[in-house]
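**Q** Sequential numbering from 544 applies to the sequence shown in this note's numbering.
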Amino acid sequence: MGALLLVGLTYRRVVAFGFLWLVLASVGRELHSTVVDEILLSQYAGLFVAGIALYLIHRFGANLLLWLLLGFAWCYTLTVLEDRVATHSTSNWGLSAAVLTSFLVLLGLACGPLRHVQWRSLVYAGALTYPFYLVHQSLGIPVTRGILKSVPGIGLLPSIGLGLSFSFLLAAVLNRQVDRRFGRLFRRHLTHALDPAPAEPDRPK
């Protein structure tokens, strides 16, 4: 993505990037290479590309190419999901696939027929998605495992509920104390840094 930013973001380049990422990730999985998997983020590539496709649908409107990209990302993620679910004895591939598909359908509707629904609660929930994404795996999962280890009698689902609650609370704190306070300031300065105005030459006194 950094290389794409260097050459310039265009609609066609982003779409091509999405297809290329999925193709390379698919090939990388067939090679069974840990290094390639780490570089291409093969377990998460489908989710990232699905997000890219949904944003493009939101930004430019739906078309066949973007639906194909989203469908490719969905199919790829279903194949990766089998490996991820296999590591959790309490998980079920069919249930996980149904949940994944339901969320993608909901997001697709949010980019189309439901795009004009802008309830305050939904807007706030959307603002929490990125800070939640940042903390749920690095902090939320360890907290959940710590609860299970410290209080094994509490059970798996209550432990997950407590871990999710902790992650949402931390995301709300980050949104309030970081995003709202510094988000606009950083955005303004970064935008100026990426497209600076030419400096005026010094005038002789």
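Where is the CB? At the ideal position from N, CA and C, for every residue including glycine.
Classify Ile582: buried if its beta carbon has 16 or more other beta carbons within 10 angstroms, exposed otherwise.
**A** Under the 10 Å beta carbon count, Ile582 is surrounded by fewer than 16 other beta carbons and is classified as exposed.
**Q** What three-state label does DSSP hand Arg724 in the structure shown?
**A** Helix, per DSSP.
**Q** Among the candidates Arg658, Ala568, Asp626 and Thr577, whose CA atom is the shortest distance from the CA of Tyr598?
**A** Arg658
**Q** Where do the ends of the alpha helix (DSSP H) carrying Ala546 lie?
**A** Gly545 to Val550
**Q** Using a Cβ distance threshold of 8 Å, determine whether the region 555-567 contacts the region 576-591, with at least three qualifying pairs required.
**A** Counting Cβ pairs under 8 Å, three or more are found: they touch.
**Q** Starting from His679, follow the alpha helix (DSSP H) in both directions and report where the run begins and ends.
**A** Following the DSSP letters along the chain, one finds His679 in no alpha helix (DSSP H), marked with neither H nor E.
**Q** CB Leu624 to CB Gly561, shorter than 8 Å?
**A** no
**Q** Report yes or no: do the region 676-693 and the region 636-647 share at least 3 C-beta pairs separated by less than 8 Å?
**A** no
**Q** Within its chain, find whatever has a CB closer than 7 Å to the CB of Thr577; leave out the 5 residues flanking it on each side and keep chain order.
**A** none
**Q** Just to confirm the assignment, what range does the alpha helix (DSSP H) spanning Gly604 have?
**A** From DSSP, Gly604 is part of no alpha helix (DSSP H); its letter is neither H nor E.
**Q** Helix, strand or coil, according to DSSP, for Thr687 in the structure here?
**A** Thr687: helix per DSSP, three-state reduction.
**Q** Examine the Cβ distances between the region 700-717 and the region 680-691 and report whether three or more of them are shorter than 8 Å.
**A** Contact between the region 700-717 and the region 680-691 is present, because at least three Cβ pairs lie under 8 Å.
**Q** If you follow the alpha helix (DSSP H) that Asp580 is part of, which residue opens it and which one closes it?
**A** Thr577 to Leu583
**Q** What does the alpha-carbon distance come out to for the pair Pro685 and Gly571?
**A** 29 Å
**Q** Identify, in the order they occur along the chain, each residue of the same chain with its Cβ nearer than 7 Å to the Cβ of Ala668, setting aside the five sequence neighbours on each side.
**A** none
**Q** Given a cut-off of 8 Å, decide if Ala653 and Thr620 are closer than it, judged by their beta-carbon atoms.
**A** no
**Q** Please report the straight-line C-alpha distance between Gly704 and Val694, rounded to a whole angstrom.
**A** 14 Å
**Q** Assuming Phe615 contacts Tyr554 under a Cβ cut-off of 8 Å, what Cβ separation, rounded to an integer in Å, is found between them?
**A** Their Cβ separation, rounded to whole angstroms, is 17 Å, which puts Phe615 and Tyr554 out of contact at 8 Å.
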